[in-house]
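Residue numbering for the sequence shown follows this note's numbering, starting at 2 and increasing by one per position.
Note that the Cβ used here is the ideal one computed from N, Cα and C, for glycine as well.
Below: one structure, written as structure tokens.
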Amino acid sequence: MSQTLKAVRGTRDLLPPETALWNRIEATARAVFARYNFGEIRTPIFEDTGLFARGVGEETDIVSKEMYTWSDGERFEKHKMIDEWLKRNKPDGAHVQANRSSVEHPVIEAQLRAVGVDLVVMRGVAIPGQQLPGYVDELVCFGPVVSNDLVLALKKGGELVRNDRNRELRAFGNLRLIVPASVPLTPWVDRSEVIVEQFDGEFFASSQSLTLRPENTAGVVRAYIEHKLGETGQLQKLFYIGPQFRRERPQKGRYRQFWQIGAEVIGPPSAGSESPLRDAEVLEMLATLLDELGIAGWTLELNSVGSAADRARYNDVLRAALVEVAPKMCVDCQRRAVTNPLRVLDCKVPEDQPIIAALPVIADSLDEDSKAHFAAVTAALDAAGVPYVRNHRLVRGLDYYTRTTFEFTHGGLGAQNALLGGGRYDGLSEAIGGPKAPGIGFAMGEDRLVLTLLGQPNEKPDPLPLVAYLAPIGEGLNSANIALASELRKSGLRVEAGEGSFRLKKSFEVAEKSGAQKIVILGEDELASGILTVKDFATGVQSKVPRGELADFLTK
Ligand code: ATP
Ligand code: MG
């Protein structure tokens with residue numbers, strides 16, 4: 002017996018009615034983003050591994066142990082091979098048409114291209130009155146291996162030339178297939194009528210390391226650089242919604258494929274991208290979004306990690322303070338105390354907490370500019386009435402994270418209590434080879450939003466009620482029933498259309514099981530009179546309702 006296949010560990014299927022909640026969350030997010038003048042960006046799900054190594058940081062857990070990375074197989078570089086071959090083989094006096102050259106062959110070039118022929122090599126004396134030579138020397142295809150597909154393409158091309166109606170081409174030579182000398186010739190390929198030539202050279206680009214995106218900020222900044230969005234001089238306000246992938250230990254609120262809703266505000270400094278108002282605006286937008294989603298009881302935890310220089314100073318202070326206490330801490334912290342002291346602040350081991358609480362805080366290492374920036378963020382939050390708490394331990398360990406860092410947490414989530422995280426990354430663009438482009442952004446865990454909402458009393462994943470089940474009496478009424486369903490659905494009601502082959506008793510059972518509030522009976526009499534029989538499952542009351550009033554009656 003074959004083994005049943007299941008969704009891969011850490012991934013899951015999302016099913017109705019829960020997916021209605023996912024859709025509501027996304028629709029609310031889109032609506033809020035639109036009001037704050039954000040536009041959507043969709044970047045690829047996989048990128049060059051180097052982007053994340055540089056854009057997230059080699060030292061992070063994400064990059065060092067959680068990425069899904071693979072080597073994308075060797076790529077055959079056909080055009081490199083064509084160019085090389087032409088350089089070495091261009092027959093004297095021949096007229097060669099590469100399928101991407103601008104030389105036009107009026108008769109069959111497009112057709113040859115369509116069947117997959119790469120080159121038409123022509124030679125010979127021009128026919129009087131015609132611009133092109135009348136002799137096709139050969140048709141050439143290039144491939145990474147000798148395959149039946151390529152042989153077939155050549156033979157089809159040959160047929161096209163021979164059957165050319167315009168008779169512009171009078172004679173025909175070879176069908177030639179060129180493959181790299183480095184690949185073995187497969188014996189089972191039909192090679193009749195085709196000359197196979199092995200050609201020396203390097204025609205495979207070495208493989209590329211690719212990674213499923215573990216987060217989306219690096220991809221957005223890559224796109225910002227690639228499309229020169231900074232040259233518009235405008236602030237870019239971009240949001241995204243999509244799956245991310247991390248090989249983590251699956252548990253509640255932590256999956257290997259999970260969804261993030263995020264946004265970035267990024268641009269040249271001249272566009273105001275460094276302004277603390279951008280930070281405050283993003284935070285106020287998040288507060289609004291969580292409120293509109295109906296998430297009750299969130300906490301905004303806020304901190305500043307200062308400039309690169311501030312953080313370097315703090316690192317020294319921390320390193321010095323850790324010399325004495327680190328030996329009493331967990332092994333991870335003992336290592337971090339040496340390699341990356343800031344990460345000690347992330348430690349979750351209970352025994353270490355009192356020690357960490359007594360360590361110096363980064364606020365005391367900030368310079369005047371960083372302090373003023375943070376003060377401006379909090380002043381704007383106060384003015385907008387957004388509550389927050391200062392969390393001195395909230396640091397992001399990457400070099401280009403600067404100044405504002407934040408998390409929104411929720412008590413209902415247990416250990417994985419972060420609904421979202423974000424911060425400023427003024428040096429990120431430069432770290433991946435772009436222009437100076439300060440920015441601030443966040444990523445919200447959509448899975449955790451769903452968990453939080455499902456944990457709240459009175460939360461209905463799918464609030465649209467199924468108001469009625471329409472039961473036709475007999476198969477002859479199926480079409481009339483579909484027409485009635487269509488009418489009601491057009492007026493915005495959710496209804497289920499039943500099946501005329503069911504007996505009435507079965508229709509009642511199916512209707513009740515479907516969760517419909519009422520059942521509408523459509524028999525010959527009802528159809529003729531236009532008066533429908535409706536039964537309310539909750540009250541047991543049966544009513545006669547004129548068709549024109551049915552939609553109103555059902556929503557009452
Ligand atoms: P955590 O401390 O929970 O591991 P993180 O710092 O790794 O979070 P970020 O990279 O800042 O998380 O991602 C932002 C948000 O994405 C998190 O606050 C969380 O809501 C969500 N998230 C991160 N990893 C996962 C995961 N494996 N499964 C579900 N949601 C996740
Ligand atoms: Mg994590």
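Item	Value
Contacting residues, own chain, Cβ-Cβ under 6 Å from Val396 (five flanking each side not counted)	Val306, Leu343 and Leu346
C-beta contact flag for Val121 and Val152 at 8 Å	no
8 Å contact criterion, which Gly413 and Gly456 should meet: CB distance rounded	5 Å
Rounded Cβ spacing between Leu523 and Asn482 (contact assumed at less than 8 Å)	5 Å
Phe39 in three-state terms, based on DSSP	coil
beta-carbon Asp333 near the ligand MG non-hydrogen atom, thresh 7 Å	no
Helix, strand or coil at Val126 according to DSSP, with G and I counted as helix	In this prediction, Val126 has a pLDDT of 49, which is less than 50 and means its spatial position is unreliable; what the coordinates show is noted afterwards. Looking at Val126 - three-state DSSP - the assignment turns out to be strand.
Asp62 CB to nearest heavy atom of the ligand MG below 7 Å	yes
At least three beta-carbon pairs within less than 8 Å, the region 324-342 to the region 385-396	no
Distance, Pro145 Cα to His80 Cα	12 Å
At least three beta-carbon pairs within less than 8 Å, the region 200-218 to the region 61-78	yes
Beta-carbon gap between Met286 and Tyr37 smaller than 8 Å	yes
Same chain, Cβ closer than 8 Å to Leu140, neighbours up to 5 away in sequence not counted	Leu113, Val118, Leu120, Val121, Val122, Leu155, Gly158, Gly159, Val162, Asn175, Leu176 and Arg177
Paired residues, beta bridge with Ile179 - DSSP	Phe143 and Glu198
His228 - partner residues in DSSP beta bridges	Answer is none; His228 lacks a bridge partner.
Beta-bridge partners of Gly423, as assigned by DSSP	Phe407 and Phe443
Rounded straight-line distance, which links the Cα of Met82 to that of Arg101	Unreliable placement is indicated for Arg101, whose pLDDT of 35 sits below 50; the coordinate value is still reported in the next sentence. Cα to Cα, Arg101 sits roughly 14 Å from Met82.
Glu282 CB to nearest heavy atom of the ligand ATP below 7 Å	no
Alpha carbon of Ala115 to alpha carbon of Pro466, nearest angstrom	54 Å
Bounding residues of the beta strand (DSSP E) (the contiguous stretch that carries Ser210)	Gln209 to Leu213
Thr70 beta carbon less than 8 Å from that of Thr44	no
Range covered by the alpha helix (DSSP H) that runs through Ser193	Premise fails: Ser193 is in no alpha helix (DSSP H) and is neither H nor E.
Neighbour-count burial assignment, Asn164, 16 or more Cβ in a 10 Å radius	exposed
Counterpart residues of Asn24 in DSSP-defined beta bridges	In the DSSP output, where bridge partners are listed per residue, Asn24 has none listed.
Close Cβ partners of Arg490 (< 8 Å) along its chain, the five nearest in sequence each way excluded	Val496
Short Cβ contact (8 Å threshold) for Phe407 with Leu301	yes
Inter-residue spacing [alpha-carbon to alpha-carbon] between Ala338 and Gly415	28 Å
Outcome for Glu447 when other beta-carbon atoms lying within 10 angstroms are tallied against a minimum of 16	buried
Length at least 3, wholly inside the region 345-422: the beta strand (DSSP E) runs in chain order	403-411
Buried/exposed call for Gly231, threshold 16 Cβ in 10 Å	buried
Reduced DSSP secondary structure (H/G/I, E/B, other) of Gly263	strand
beta-carbon Leu230 near the ligand ATP non-hydrogen atom, thresh 7 Å	no
Residue interval of the beta strand (DSSP E) (run including Val496)	Arg495 to Ala498
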